[in-house]
Amino acid sequence: MAKKIVLDQAKCTGLGICESLSPAYFEVNEDGDMVQLLQIEVAEGDLQEVQEACDGCPNEAIRLEEV
Ligand code: SF4
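For our numbering, count along the sequence shown from 1 and bump the result up by 3.
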């Protein structure tokens, strides 16, 4: 089942833990206060990595949802 990343911008503080765990999907912006999604849909082989990035976010700002 394909999954996509959902970002709650109100919760993200740009800590960048997600970027360090999954740099192909997450990149903190130049101001350092918000993450940008580089891809929304997650490839099958990347699901575990992106899930770990979501789990690693201390603000619970990102999650995976079925498409
Ligand atoms: S780890 Fe969470 S709070 Fe930090 S940049 Fe990523 S989504 Fe935002």
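By construction, the Cβ of each residue, glycine as well, lies at the ideal position given by its N, Cα and C atoms.
Proximity test, C15 beta-carbon vs ligand 1 heavy atom, cut-off 6 angstroms = In the sequence shown, residue 15 corresponds to position 12, counting from 1. Between ligand 1 and C15, a heavy atom-to-CB distance of less than 6 angstroms is present.
Work out the CA separation of M4 and D36 for me, nearest whole Å.
-> On the sequence shown, residue 36 is found 33 positions in, with the first residue counted as 1. On the sequence shown, residue 4 is found 1 positions in, with the first residue counted as 1. The C-alpha of D36 lies about 32 angstroms from the C-alpha of M4.
Could you tell me which of Q12, R66, Y28, G19 sits nearest to A46, measuring between CA atoms?
-> For the purposes of this step, residue 46 is identified with residue 43 of the sequence shown, where counting begins at 1. When only C-alpha atoms are compared, the closest one is Y28.
Backbone CA spacing between Q12 and C57 [nearest angstrom] = Locating residue 12 in the sequence shown gives position 9, where the first residue counts as 1. Locating residue 57 in the sequence shown gives position 54, where the first residue counts as 1. Each residue's alpha carbon lies about 14 angstroms from the other.
Relative to the alpha-carbon of F14, which residue among E69, C60, V70, L67 has its alpha-carbon at the smallest distance?
-> Here residue 14 is taken as the residue at index 11 of the sequence shown, counted from 1. Residue identity check: residue 14 is Lys in the sequence provided, not Phe. Out of E69, C60, V70, L67, C60 has the C-alpha closest to the C-alpha of K14.
Under the DSSP definition of a beta bridge, which residues are partnered with K7?
-> In the sequence shown, residue 7 corresponds to position 4, counting from 1. Residue pairing from DSSP places K7 in a beta bridge opposite E44, E68.
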